[in-house]
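Taking it in order: structure first as structure tokens, then the write-up.
2 protein chains.
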Amino acid sequence: MSKVDPVLFAKALADETRQRIMNLCCCKWCSVNDIVEKMDVSQPTVSHHLAILREAGLVHVREEGKQTFYTLNQERVVACCGQLMVKFAPEEKATEAISRALS
Amino acid sequence: MSKVDPVLFAKALADETRQRIMNLCCCKWCSVNDIVEKMDVSQPTVSHHLAILREAGLVHVREEGKQTFYTLNQERVVACCGQLMVKFAPEEKATEAISRALS
DNA sequence: TTGACAAATAGACAATCGTCTATATAATAT
DNA sequence: ATATTATATAGACGATTGTCTATTTGTCAA
């Protein structure tokens, strides 16, 4: 897995459409078409957003015949959020809790 | 405090300069000039970024005479990260831990 | 009240981003 | 082989963003 970069992570999340895609493939595997059908943007746009999520390490990818399936990488989400909290909320109790849960 | 919006939050963090500013005023109060002096961008640019952080509720502001002091709102950082984790990593153990710590 | 300082705002401009259509690539079915 | 289906890539284009300089606003000191 590529290194966690808090700016890259934030950039990946910094778009409404991308967050909707993340929601769609959270806790389940979706083909690109599954996603396209549930959104109001074109297939290339969905592929474009998936590429950004892929580059940020935020999705797992599985190719199966013609189709490509994506699912959200929850572990990575936790790692990135945890890193943000340690960096930008070091004095909060919840950050301690997260640090403990991550170690 | 304004409502927590995960896209707005991510957008606020989605810039290297802004994250550097956040780091500078994490755990202490900084005047705008304090920040400008430690960065390689102009004063208006710093003010611009601070405005974005302000609109995202990510900083506390205190005016004192001619100066305006900013400090990172760590509680908000935790709330936003927690929300992201609940939304995008609901099956992770650490998310449970954060939920518990936040309630 | 005038001058100096601190910060915010306005406006310009280049770079990045999100979207689209058109096309390419790759796998499968006929 | 050819057609069909699924996804990715290329290129164009408008919108948004980050930066700058110039200016404004507000506060304090002389």
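Going down the list, the protein sequences come from chains D and F. Under this note's numbering, read the first sequence as residues 1 to 103, first letter to last. Under this note's numbering, read the second sequence as residues 1001 to 1103, first letter to last. Glycine included, each C-beta is placed from N, C-alpha and C at the ideal position.
Exercise. Taking just the CA atoms, how far does H49 (chain D) sit from I35 (chain D)?
Worked result: Mapped onto the first sequence, residue 35 (chain D) falls at position 35. Mapped onto the first sequence, residue 49 (chain D) falls at position 49. Cα atoms of I35 (chain D) and H49 (chain D): separation of roughly 11 Å, rounded to the nearest angstrom.
Problem set entry | C-beta atoms of A79 (chain D) and A1097 (chain F) nearer than 8 Å | Along the first sequence, read from residue 1 onward, the residue named residue 79 (chain D) stands at position 79. Along the second sequence, read from residue 1 onward, the residue named residue 1097 (chain F) stands at position 97. It is not a contact, given that the beta carbons lie outside the stated cut-off.
For this session: Rounded to whole angstroms, what's the CA-CA distance from S47 (chain D) to V32 (chain D)? Just pull it up for me.
Result: The residue given as residue 47 (chain D) occupies position 47 in the first sequence. The residue given as residue 32 (chain D) occupies position 32 in the first sequence. Near 7 Å, if we compare the C-alpha coordinates of V32 (chain D) and S47 (chain D).
For this session: With 8 Å as the threshold, decide whether the Cβ of M1085 (chain F) is near any Cβ in chain D.
Result: In the second sequence, the residue the question calls residue 1085 (chain F) occupies position 85. By this cut-off, M1085 (chain F) is an interface position.
For this session: Pick out the complete beta strand (DSSP E) segments inside the stretch 52–96 of chain D, 3 residues or longer, and give them in chain order.
Result: Within the stretch 52–96 of chain D, the complete beta strand (DSSP E) runs of at least 3 residues are 59–64, 67–72.
Problem set entry | Of the listed residues F:D1005, F:T1045, F:T1095, F:C1026, nearest to V1061 (chain F) (C-alpha basis) | Stepping through the second sequence from its first residue, residue 1061 (chain F) is reached at position 61. Closest option to V1061 (chain F), Cα to Cα, is F:C1026.
Exercise. With a cut-off of 8 Å, does the C-beta of T1071 (chain F) fall near any C-beta of chain D?
Worked result: As a working note, residue 1071 (chain F) is residue 71 in the second sequence. No, T1071 (chain F) lies away from the interface with chain D (no Cβ there is under 8 Å from its Cβ).
Exercise. Name the chain F residues that come within less than 9 Å of K38 (chain D), Cβ to Cβ?
Worked result: Along the first sequence, read from residue 1 onward, the residue named residue 38 (chain D) stands at position 38. The premise fails here: K38 (chain D) is roughly 17 Å from chain F at the closest Cβ pair, so nothing lies under 9 Å.
Problem set entry | Alpha-carbon spacing of K1066 (chain F) relative to P1044 (chain F), whole angstroms | Taking the first residue of the second sequence as position 1, residue 1066 (chain F) is located at position 66. Taking the first residue of the second sequence as position 1, residue 1044 (chain F) is located at position 44. Roughly 16 Å between the two C-alpha positions.
For this session: Below 8 Å on the Cβ atoms is my guess for A10 (chain D) versus A1014 (chain F); work out the distance and round it to an integer in Å.
Result: Against the first sequence, residue 10 (chain D) aligns to sequence position 10. Against the second sequence, residue 1014 (chain F) aligns to sequence position 14. That belief holds up - the Cβ atoms of A10 (chain D) and A1014 (chain F) are roughly 4 Å apart, short of 8 Å.
For this session: Tell me whether S1031 (chain F) sits in a helix, a strand or coil according to DSSP, three-state version.
Result: The count along the second sequence starts at 1 and reaches residue 1031 (chain F) at position 31. Of the three classes helix, strand and coil, the one that applies to S1031 (chain F) here is strand, per DSSP.
Exercise. Run through DSSP, which three-state label would K1011 (chain F) get?
Worked result: Position 11 of the second sequence, counted from the first residue, corresponds to residue 1011 (chain F). Looking at K1011 (chain F) - three-state DSSP - the assignment turns out to be helix.
Problem set entry | Host alpha helix (DSSP H) of M1039 (chain F) (start-end) | Here residue 1039 (chain F) refers to the residue found at position 39 of the second sequence. Unbroken run through M1039 (chain F): none, as it is neither H nor E.
Problem set entry | Cβ-based neighbour list, V4 (chain D), same chain, cut-off 7 Å, excluding 5 preceding and 5 following | Numbered from 1 along the first sequence, position 4 holds the residue referred to as residue 4 (chain D). Here the set comprises A79, C80, Q83.
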